[in-house]
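Undergrad:
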Amino acid sequence: MSKHAPGPWYVVTKAANPYWRCDGTEVSSEYGRIADCGSDGMRALDVCQANARLIAAASELLDALTMVRDYVVTMKGRGHEYQVAIDAAIAKATGEQA
Numbered sequence: 001m002s003k004h005a006p007g008p009w010y011v012v013t014k015a016a017n018p019y020w021r022c023d024g025t026e027v028s029s030e031y032g033r034i035a036d037c038g039s040d041g042m043r044a045l046d047v048c049q050a051n052a053r054l055i056a057a058a059s060e061l062l063d064a065l066t067m068v069r070d071y072v073v074t075m076k077g078r079g080h081e082y083q084v085a086i087d088a089a090i091a092k093a094t095g096e097q098a
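Just so you know, we're using UniProt numbering here: the sequence shown kicks off at 1 and counts up by one.
Okay, here's the thing in structure tokens:
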């Protein structure tokens, strides 16, 4: 598994250069660009911006889900279906086996 760029990640809302277009579809961190969710002409701008917001939250969502999983494990058998779903989501995000 390769490690993702450390957070926080954020949606770029202001261009560094006044001649660049900035429409809230790029995700960056202090380490540089994470993703560009710009429209390919097939998606509406609001969908592209929503995708950028979701990607920007991914690092924090993974951390939060890992904390929830640690809590669910302490439930001693209860919440097994939640643990299975959580493990699958974490595995998908990290590239590991659930």
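Beta carbons: idealized from backbone N, C-alpha and C, even for Gly.
Within a Cβ cutoff of 8 Å, which residues of the same chain sit near TYR23, ignoring the five residues on either side of it in sequence?
TA: Here residue 23 turns out to be Asp, not Tyr, going by the sequence shown. Cβ within range, chain order: GLY38, LEU45, CYS48 and GLN49.
Undergrad: Cβ of LEU61 within 8 Å of Cβ of ILE86?
TA: For LEU61 and ILE86, no; Cβs fall outside 8 Å.
Undergrad: Can you name, in chain order, every residue of its own chain whose Cβ lies under 7 Å from the Cβ of ARG43, other than the five neighbours on each side?
TA: Here the set comprises nothing.
Undergrad: When burial is assigned at 16 or more other CB atoms within 10 Å of the CB, is ALA91 buried or exposed?
TA: Exposed is the call here.
Undergrad: By the 10 Å Cβ neighbour count, where 16 or more other Cβ atoms means buried, how is ALA52 classified, buried or exposed?
TA: That one is buried.
Undergrad: Are TRP9 and ALA58 closer than 8 Å when you measure CB to CB?
TA: Their beta carbons are under 8 Å apart, which means TRP9 touches ALA58 by this criterion.
Undergrad: I need the DSSP call for ALA5, collapsed to helix, strand or coil.
TA: Reduced to three states, the DSSP call for ALA5 is coil.
Undergrad: For LEU54 and GLU26, I'd like the C-alpha separation in whole angstroms.
TA: Cα to Cα, LEU54 sits roughly 11 Å from GLU26.
Undergrad: For TYR31, which option in GLY7, VAL84 and VAL72 has the closest C-alpha, if you only look at C-alpha atoms?
TA: The shortest Cα separation from TYR31 among GLY7, VAL84 and VAL72 belongs to GLY7.
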